[in-house]
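For the sequence shown, my numbering gives the first residue as 681, with consecutive numbering after it.
A virtual CB, placed ideally from N, CA and C, is assigned to each residue, including glycine.
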Amino acid sequence: MGSSPFIIVAIDGGAASGKSSSSKILAERFNLLHVDTGSFYRQITSELLRRGVPHTDLVALNTALAGLDFSTQLDGRSARMLIGQKAAGDEIRDQRVNDHVSHYAAIPEVRHTLLAYQRGQVDVARQHGFRGLVMEGRDIGSVIFPQADLRFFMHADPAERAKRRAAEGRQDSIAERDRLDSSRKTSPLVVPAGAIDIDSTHLTLDQVVGKMAALIASKLD
Ligand code: CDP
Ligand code: CDP
């Protein structure tokens with residue numbers, strides 16, 4: 681009898697493709713740590729904007745990044761990033777952050793700053809007795825965990841995604857963020873080779889989660 685396996689599930693996709701909703705449900709169902717890396721990029725963006733550091737000033741940006749101190753706090757099954765002991769608030773979903781986040785996220789130094797922190801979530805998950813982690817973002821299956829047990833890539837038509845965001849009452853520059861995220865040089869949004877493609881345009885959240893859950897269950901058996 682071996683001990684039960686620890687699994688890593690990577691979920692990537694464009695804005696409002698259903699990453700957060702599905703990964704939160706999967707985390708509950710399988711006792712996995714849920715890690716929303718988009719919230720990390722949003723939080724760094726919010727902090728740099730607060731400090732008045734533009735993404736175009738690399739010197740000031742590097743100085744600011746070197747001074748940031750990251751730690752993690754659990755919020756149920758989700759990992760919350762703390763910067764200098766401070767958690768993010770609702771402001772990370774504001775229009776201002778929506779408009780700037782993809783510009784900061786395109787900078788290699790910003791991505792490098794988050795690399796070890798994101799990989800370190802495996803230790804956080806193990807320390808707290810989770811059976812694994814489900815991490816969502818843009819480069820999880822391609823860069824952060826290319827060896828993940830399961831790598832999903834979520835699609836949905838842009839019009840459907842815009843409709844979903846609007847239904848949440850959120851204004852968002854989805855198309856522009858997708859364009860910037862897909863065209864940047866460092867860790868662009870790409871379908872990683874071998875990833876499992878899920879097109880949710882005509883599927884309910886339940887149907888999407890059902891497909892993913894069946895595959896996760898088969899890994900945990
Ligand atoms: O929730 P939504 O899909 O709209 O966005 P998000 O996951 O909160 O990510 C916000 C932004 O962070 C993205 O548009 C990317 O610019 C950046 N991001 C990234 O570059 N790499 C990741 N692994 C996650 C997010
Ligand atoms: O995390 P990401 O930005 O990829 O998307 P999300 O915030 O999980 O999903 C955006 C909205 O689409 C949520 O209100 C979901 O309930 C809804 N939705 C979905 O995620 N999947 C479907 N198949 C249908 C609707």
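- Between the C-alpha atoms of Ser853 and Val777 there is a straight-line separation of about 10 Å.
- Residue range 687-693 is occupied by the beta strand (DSSP E) that includes Gly693.
- Beyond the five residues adjoining it in sequence on each side, Phe810 comes within less than 7 Å, by CB distance, of Asn711, Leu712, Leu713 in the same chain, given in chain order.
- Taking all protein chains shown into account, Arg730 has fewer than 16 neighbouring C-beta atoms within 10 Å of its C-beta and is therefore exposed.
- DSSP links His735 through a beta bridge to no other residue.
- Residue burial annotation: Gly764 is exposed, with fewer than 16 other C-beta atoms found within 10 angstroms of its C-beta.
- Secondary structure at Gly756: coil, using DSSP grouped into helix, strand and coil.
- When C-alpha distances from Pro868 are compared across Gly874, Ala893, Leu885, Ile787, the shortest belongs to Ile787.
- Distance from the C-beta of Ala759 to the nearest heavy atom of ligand 1 is not below 7 Å.
- In the displayed model, Asp858 falls within a helix according to three-state DSSP.
- With a cutoff of 8 Å on beta-carbon distance, Ile724 and Tyr797 are scored as not near each other.
- Exclusion of the five residues before and after Arg841 leaves Gly694, Ala695, Ala696, Ser697, Ile854 as the residues of its chain whose Cβ lies within less than 8 Å of its Cβ.
- Below 8 Å, enough C-beta pairs join the segment 814-826 and the segment 866-882 to call them touching: three or more.
- Relative to ligand 1, even the nearest heavy atom lies 7 Å or more away from the CB of Arg859.
- Just measuring C-alpha positions, the residue of His808, Gly812, Arg831, Leu813 sitting nearest Asp819 is Arg831.
- Per DSSP, Asp716 is one residue of the beta strand (DSSP E) stretching across 713-716.
- With 6 Å as the limit, the residues whose C-beta approaches any heavy atom of ligand 2 more closely are Gly693, Ala695, Ala696, Ser697, Gly698, Lys699, Ser700, Ser701, Arg844, Glu848, Ser880, Leu883, Thr884, Leu885, Val888, in sequence along the chain.
- DSSP places Val814 in the uninterrupted beta strand (DSSP E) bounded by 812-817.
- In terms of side-chain proximity, the C-beta atom of Val781 is found nearer than 7 Å to a non-hydrogen atom of ligand 1.
- Cβ-Cβ distances below 6 Å link Arg760 to Gln753, Ala767 in the same chain, with the five nearest sequence neighbours on each side left out; the list follows chain order.
- Per DSSP, Asp779 has no beta-bridge partner at all.
- Residue side-chain check: Ile787 keeps its Cβ at 7 Å or more from all non-hydrogen atoms of ligand 1.
- Nearest in C-alpha terms to Ile876, of all of Pro685, Val689, Arg709, is Val689.
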